[in-house]
Structure formats: C-alpha cells, structure tokens
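K.L.:
In the working numbering, the protein residues as written are 23 to 256.
1. If you draw a straight line from the alpha carbon of residue 164 to that of residue 187, how long is it in whole angstroms?
2. What does the Cβ neighbour count give for residue 251, buried or exposed, with the cut at 16 atoms within 10 Å?
3. So, with DSSP's three-state summary, where would you put residue 87?
4. From the DSSP secondary-structure annotation, give me the bridge partner or partners of residue 107.
5. Going by beta carbon distance, what residues of the same chain come within less than 7 Å of residue 97, once the five residues before and after it are set aside?
6. In angstroms with no decimal places, state the Cα-to-Cα distance between residue 113 and residue 217.
7. Residue 203 to residue 128, Cα distance in whole Å?
8. Do residue 40 and residue 238 have their C-beta atoms within less than 8 Å of each other?
9. Could you please give the first and the last residue of the uninterrupted alpha helix (DSSP H) stretch that includes residue 97?
10. Hey, quick one: how far does the alpha helix (DSSP H) through residue 125 stretch, first residue to last?
11. Alpha helix (DSSP H) containing residue 209: first to last residue?
12. Among the candidates 63, 176 and 52, whose CA atom is the shortest distance from the CA of residue 151?
13. Pop quiz: residue 63 and residue 222 are said to be a contact at Cβ under 8 Å. What is the actual Cβ separation, rounded to whole angstroms?
14. Relative to the alpha-carbon of residue 137, which residue among 102, 115, 200 and 94 has its alpha-carbon at the smallest distance?
15. Using a 10 Å radius around the Cβ and a threshold of 16 neighbouring Cβ atoms, would you call residue 23 buried or exposed?
16. Which whole-angstrom value describes the C-beta separation of residue 226 and residue 43, a residue pair presumed to lie in contact below a C-beta threshold of 8 Å?
17. Is it the case that the Cβ atoms of residue 119 and residue 131 are separated by a distance below 8 Å?
18. Express the C-alpha separation of residue 248 and residue 25 in angstroms, rounding to a whole number.
19. Roughly how many whole angstroms lie between the Cα atoms of residue 243 and residue 224?
20. To which residues of the same chain is residue 36 closer than 7 Å at the C-beta, ignoring the five residues directly before and after it?
The structure is reproduced here in structure tokens:
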C-alpha cells in the first residue's frame, strides 16, 4: 500500500504540473490572439481573401472556404476539402486573421504535397483511438486482478495516442512555417510579420503542452501500475 500511495502521489504531482503548463500555454495564445486581432494589416484584406488567394496560387481551386461559429475554431477538413474559418478570422482584416487563415492553408498545402508526417499521423489515429479505449479496460482489469502484465499491456496500447500527438507537432510547426513564409513574401510588412510569428508560435505551444500533458498522464498510469505491482508483492 505504501508503494502504491507513493507512486500515485508522484504521478498526480506530474499531472498537476502538466495542467499548469497547459493553462499557461492557453493563456499565451489567448493573449496573443486578442492583441493581434486588434491590429489591422496594411494590405487591408480579410482572412477569407488571403486564404482564397493562397489556395488559388497553389492550384487548390476545389477547396472551399466556410465561415464557422466559435473563437479559434478554425481548421482544415481534409475529408471534405474545406477550410473553416471562425467569423472573426473570416471577416477580419487583422494580423491574427491573416496568420490563422494562412496556417490553415498550410495544412491544405501539406496534403497536396503528401507531407509524410501527416500520413503517419493519420495512419496512427485509428489504432490510437481503439488502443486508448481497450487500454483503459486492460489497465483497470489488470489493477483489480493484480495482474501487472495485463495492466502493462493496456499501458502499451494507450501509448498510441502519445505517438499521434508526437506526429502532430511537426505537422503544426510546418503549417505555421509555410504560412509565415507566404505572409512575409506577399502580405505583411516586417513589423506585422513579427506579430504573426509571435501569435503562431504561441498557438504551437498549446500542442507542445498537450503532448506534455499526455506524457505526464501516461507516466502517472505507469507509476500506478508499478506501485500496485510492488504493493501486491508484500
């Protein structure tokens, strides 16, 4: 019981630390977004117009752009081949509007070029989803029955979601890199470019935080399994 309690406590502390980091990352992206959403770009064009021009310049005429509800709900849907921009981004003339719109176009370009990390990430996703569900079942049964091998098998199954998030990082960083290059060459002056860069970097930090959060949660589960195993030996 001592082993179990000690490992459980250490794991909980790790999860709390990760949660604090996630809150900081979310605060940074919200702060950057609100700051640069208030600063209009010198070109005076909207997020929609920028997205349409970028897509057309890459021959992606068949990708439609839609306005969606919510704040920072922007995303690219590869199955429907649509870019979905929140109202503030769709209609906005700000640095933030152009940065977010260009970032989503970056994802569309990745699919067009067959960017490998996206292919790996998409291949992992079905296994990660199933593994996460079955992994929890195996872990709970293993802990209840005192079967460390079964619990560890469940832990391994759940590692798929961690692999998925690891491949998500290069995908997001690359989309931002593509967006910034396009914006710097065609749409933003140097001071505006720096603002767009800060905002997209802050947004990327949220994916790093998500990875760290998952990693700490996985470590907590691992420590609980180890602590339970040692407790059963006493």
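Every residue gets a Cβ at the ideal spot worked out from N, C-alpha and C, and that includes glycine.
P.N.:
Looking at the coordinates:
1. Translated into the one-based positions of the chain shown, residue 164 becomes position 142. Translated into the one-based positions of the chain shown, residue 187 becomes position 165. Taking the straight line joining both Cα atoms gives about 26 Å.
2. Numbered from its first residue, the chain shown carries residue 251 at position 229. Looking at its Cβ environment, which holds 16 or more other Cβ atoms inside 10 Å, residue 251 is buried.
3. Here residue 87 refers to the residue found at position 65 when the chain shown is read from its first residue. Residue state, collapsed to three classes: strand.
4. For this step, residue 107 is matched to residue 85 along the chain shown. The partner list for residue 107 (beta bridge, DSSP) reads 89.
5. Here the question's residue 97 lines up with position 75 in the chain shown. Closer than 7 Å at Cβ, skipping near neighbours: 106 and 126.
6. As a working note, residue 113 is residue 91 in the chain shown. As a working note, residue 217 is residue 195 in the chain shown. So the two alpha carbons sit approximately 19 Å from each other.
7. Your numbering for residue 203 matches position 181 in the chain shown. Your numbering for residue 128 matches position 106 in the chain shown. In a straight line, the C-alpha of residue 203 is about 10 Å away from that of residue 128.
8. Within the chain shown, numbered from 1, the residue matching residue 40 stands at position 18. Within the chain shown, numbered from 1, the residue matching residue 238 stands at position 216. Cβ atoms of residue 40 and residue 238: closer than 8 Å.
9. Along the chain shown, read from residue 1 onward, the residue named residue 97 stands at position 75. If you look at residue 97, you'll find it isn't in any alpha helix (DSSP H); it sits in the beta strand (DSSP E) that goes 97-99.
10. Start at 1 with the first residue of the chain shown, and residue 125 comes out as number 103. Secondary structure note for residue 125: its alpha helix (DSSP H) is the uninterrupted segment 117-135.
11. To locate residue 209, count along the chain shown from 1; it is residue 187. Here residue 209 belongs to no alpha helix (DSSP H), and DSSP marks it neither H nor E.
12. Taking the chain shown and counting its residues from 1, the one referred to as residue 151 is at position 129. Among 63, 176 and 52, the Cα nearest to that of residue 151 is on 176.
13. In the chain shown, counting from the first residue as 1, residue 63 sits at position 41. In the chain shown, counting from the first residue as 1, residue 222 sits at position 200. Actually they are not in contact, since the Cβ atoms of residue 63 and residue 222 sit about 14 Å apart, beyond 8 Å.
14. Residue mapping note: residue 137 aligns to position 115 of the chain shown, counting from 1. Per the C-alpha coordinates, the member of 102, 115, 200 and 94 positioned closest to residue 137 is 200.
15. Mapped onto the chain shown, residue 23 falls at position 1. Residue placement at residue 23 cannot be trusted, given a pLDDT of 47 that sits under 50; what the coordinates show is reported in the next sentence. Per the 10 Å Cβ criterion, exposed.
16. Numbered from its first residue, the chain shown carries residue 226 at position 204. Numbered from its first residue, the chain shown carries residue 43 at position 21. Going by Cβ atoms, the distance from residue 226 to residue 43 rounds to 14 Å, so no, they are not a contact pair.
17. On the chain shown, residue 119 is found 97 positions in, with the first residue counted as 1. On the chain shown, residue 131 is found 109 positions in, with the first residue counted as 1. Residue 131 is positioned such that its CB atom lies no closer than 8 Å to that of residue 119.
18. Sequence index remark: in the chain shown, residue 25 carries index 3 (1-based). Sequence index remark: in the chain shown, residue 248 carries index 226 (1-based). Because the pLDDT of residue 25 is 48, which lies under 50, any placement of that residue in the model is unreliable, and the number read from its coordinates should be weighed accordingly. Using only the alpha carbons, I get a separation of about 8 Å.
19. Reading the chain shown from its first residue, position 221 is the one you call residue 243. Reading the chain shown from its first residue, position 202 is the one you call residue 224. Taking the CA atoms as reference points, residue 243 sits about 29 Å from residue 224.
20. Within the chain shown, residue 36 is the residue found at index 14, counting from 1. Spatial neighbours of residue 36 in its own chain (CB-CB distance under 7 Å, excluding positions within 5 residues in sequence) are listed in chain order as 238, 241 and 242.
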